[in-house]
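Take the sequence shown: its letter number 234 is residue 234 in my numbering, and every next letter is one higher.
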Amino acid sequence: MPLALILVDALSAAYVSRALFSTICDLTAGGFAGPLANLYAYRGIEATLFTGRFPADHGIWGEFRPAPPKLERWPDRLARLAIETGDRLPFDRLRLDVRYAVARVRHSDRLLPTGNLIPADLMPRFIGSVEQPIWETGSLGEIRTLFDELRATHMSFAIVSHPIIHHDHQIEPYVRALLARGVLPNFWYIKFSALDALGHFLGPSVTKLAPALRTLNGQLAALITTLKSAYPNGGIDIVILSDHGMSWVKSRIDIRPFLKQVQGDFLYFLDSTTLRFWSTDPHLCATLKAQFASVSGLQILDLEARHSLQIPDDISTGDVLIALEEGKVIFPDFFRRESPPLGMHGYASVETEAGLPFLAVDSEIAACLPDRRPLTHADVWSAMRQRLGLGQPA
Ligand SMILES: [Zn+2]
Numbered sequence: 001m002p003l004a005l006i007l008v009d010a011l012s013a014a015y016v017s018r019a020l021f022s023t024i025c026d027l028t029a030g031g032f033a034g035p036l037a038n039l040y041a042y043r044g045i046e047a048t049l050f051t052g053r054f055p056a057d058h059g060i061w062g063e064f065r066p067a068p069p070k071l072e073r074w075p076d077r078l079a080r081l082a083i084e085t086g087d088r089l090p091f092d093r094l095r096l097d098v099r100y101a102v103a104r105v106r107h108s109d110r111l112l113p114t115g116n117l118i119p120a121d122l123m124p125r126f127i128g129s130v131e132q133p134i135w136e137t138g139s140l141g142e143i144r145t146l147f148d149e150l151r152a153t154h155m156s157f158a159i160v161s162h163p164i165i166h167h168d169h170q171i172e173p174y175v176r177a178l179l180a181r182g183v184l185p186n187f188w189y190i191k192f193s194a195l196d197a198l199g200h201f202l203g204p205s206v207t208k209l210a211p212a213l214r215t216l217n218g219q220l221a222a223l224i225t226t227l228k229s230a231y232p233n234g235g236i237d238i239v240i241l242s243d244h245g246m247s248w249v250k251s252r253i254d255i256r257p258f259l260k261q262v263q264g265d266f267l268y269f270l271d272s273t274t275l276r277f278w279s280t281d282p283h284l285c286a287t288l289k290a291q292f293a294s295v296s297g298l299q300i301l302d303l304e305a306r307h308s309l310q311i312p313d314d315i316s317t318g319d320v321l322i323a324l325e326e327g328k329v330i331f332p333d334f335f336r337r338e339s340p341p342l343g344m345h346g347y348a349s350v351e352t353e354a355g356l357p358f359l360a361v362d363s364e365i366a367a368c369l370p371d372r373r374p375l376t377h378a379d380v381w382s383a384m385r386q387r388l389g390l391g392q393p394a
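This is how it looks when you write it as structure tokens:
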């Protein structure tokens, strides 16, 4: 059976009600609609959704990992110089735009090589966790993705996502145009993205987000109608899900005073919800752990904790890995110098419904899901494979 996977970035389980999402409620009559388990995986969420494996296994976790030392070629040096200049601009948004523009010119076919989190002078010290979009051949090396499996069985798929799509309202017309050309793929991967930025900015407030949620409901309704009408007897399964939810930000932690007290040679990477440190000096690592152990709202993730969270325990997660409690953020961070966000995701553990991702499937897909709760992104992978007729995983 053909299948359309509609990923709505940052669609929180707390956003969905009959009043706002009639489309989802109609779709899931007799099916399943509810929260998914939180996955502490950043870039690795998509890898789990398309391999059924967890980050400890597929190896994709954060946006970046430290890079082995290498000589920088002049185009990269030039790109970095442009970014360094852009980083002096006074607004968060402008600095981000410069980085996107440089990345587009430099590697238009690849994922953003340096994203927005690394200061320009430290860029050569890091590489992206995934160099290619997940649907490219062999994007995860030895591990076969759903897309690799579809290719191997000569099934077709269509990707409807950035950079073909710049705004969510372009999605349905784009899909309609493809269908009008007689394209009828076995699998669709369609990504909506507007909600993530809004959730960060406004927090997971259903009241404030209501206009955007109503718009999204309308866009989903149009998209599903278009898809169903193109396949004989409406014969296409629909899966709607999100990668993560959106938690309320309650407080911020400025860790600079703690960092100042640690002497020695170490590399660190701070993003809003996670601190990572690398050092070859075990004494320094112990000092860092001791320094942060006393800070309320921070949790040091030792090897045991990393195993239970199913995340890697290699260089990608650092020699010292510290997770923030849900609702806390590091501020300021490199790209938010002006105002802290009201909503955030990327927590190791999530207690609130708002922080959980969401899944909605029709009754046929629901029949392929296990009875165990909470459901995971890997369960969705398994159910999609069954409905696509991909047989037993290799
Ligand atoms: Zn986000």
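All C-beta atoms in this analysis are idealised placements derived from N, C-alpha and C, irrespective of residue type, glycine included.
This structure is a prediction, so every number in the text was calculated from the model and none was measured.
Query - Own chain residues within Cβ distance below 7 Å of residue 414, not counting five before or after - result: One cannot answer for residue 414 here, as it falls past the ends of the chain, which runs 1 to 394.
Query raised in the report: Which class does residue 171 belong to by DSSP, given the choice of helix, strand or coil?
Result: helix
Query - alpha helix (DSSP H) runs wholly inside the segment 217–278, at least 4 long, in chain order - result: 256–260
Query - Residues that DSSP places opposite residue 331 in a beta bridge - result: DSSP, once it has assigned bridges, lists no residue as partnering residue 331.
Query - Of the residues 154, 171 and 119, the one placed nearest residue 215, counting alpha carbons only - result: 171
Query raised in the report: By DSSP, does residue 113 sit in helix, in strand, or in coil?
Result: For residue 113, the pLDDT reaches just 48, beneath the cut-off of 50, and the residue's location in the model is therefore unreliable, although a value from the coordinates is still provided. Residue state, collapsed to three classes: coil.
Requested in this report: Flag residue 196 as yes when its Cβ comes closer than 7 Å to any non-hydrogen atom of ligand 1, and as no otherwise.
Outcome: yes
**Report entry** Proximity test, residue 166 beta-carbon vs ligand 1 heavy atom, cut-off 7 Å
**Finding:** no
Query raised in the report: What does a CB cutoff of less than 7 Å around residue 66 pick up in its chain, not counting 5 residues either side in sequence?
Result: 125, 126, 267, 278 and 315
Query raised in the report: Based on the DSSP output, what are the partners of residue 128 in its beta bridges?
Result: 64
Query raised in the report: Helix, strand or coil for residue 381 per DSSP?
Result: helix
Query raised in the report: Measuring from the CB of residue 348, is there a heavy atom of ligand 1 at a distance below 7 Å?
Result: no
Requested in this report: Please confirm whether any heavy atom of ligand 1 lies closer than 7 Å to the CB of residue 345.
Outcome: yes
Requested in this report: Taking only the alpha-carbon atoms, compute the straight-line gap between residue 180 and residue 174 and give it to the nearest angstrom.
Outcome: 10 Å
Query raised in the report: Under 8 Å between the Cβ atoms of residue 199 and residue 343?
Result: yes
Query raised in the report: So is the beta-carbon of residue 200 under 7 Å away from any non-hydrogen atom of ligand 1?
Result: yes
Query raised in the report: Should residue 190 and residue 4 be called a contact, given that it needs their Cβ atoms to be closer than 8 Å?
Result: yes
Query raised in the report: For residue 40, is the classification buried or exposed, using 16 other Cβ atoms within 10 angstroms of its Cβ as the cut-off for buried?
Result: buried
**Report entry** residue 10 beta carbon near ligand 1 (any heavy atom closer than 7 Å)
**Finding:** yes
Query - Touching by the beta-carbon criterion (3+ pairs, under 8 Å), the segment 205–225 and the segment 9–23 - result: yes
Query - Close-in-space but distant-in-sequence residues of the same chain around residue 176 (CB under 6 Å, 5 per side omitted) - result: 226
**Report entry** residue 383, buried or exposed, once every other Cβ within 10 Å from all chains shown has been counted against 16
**Finding:** buried
Query - Between the CA atoms of residue 339 and residue 293 - distance to the nearest angstrom - result: 27 Å
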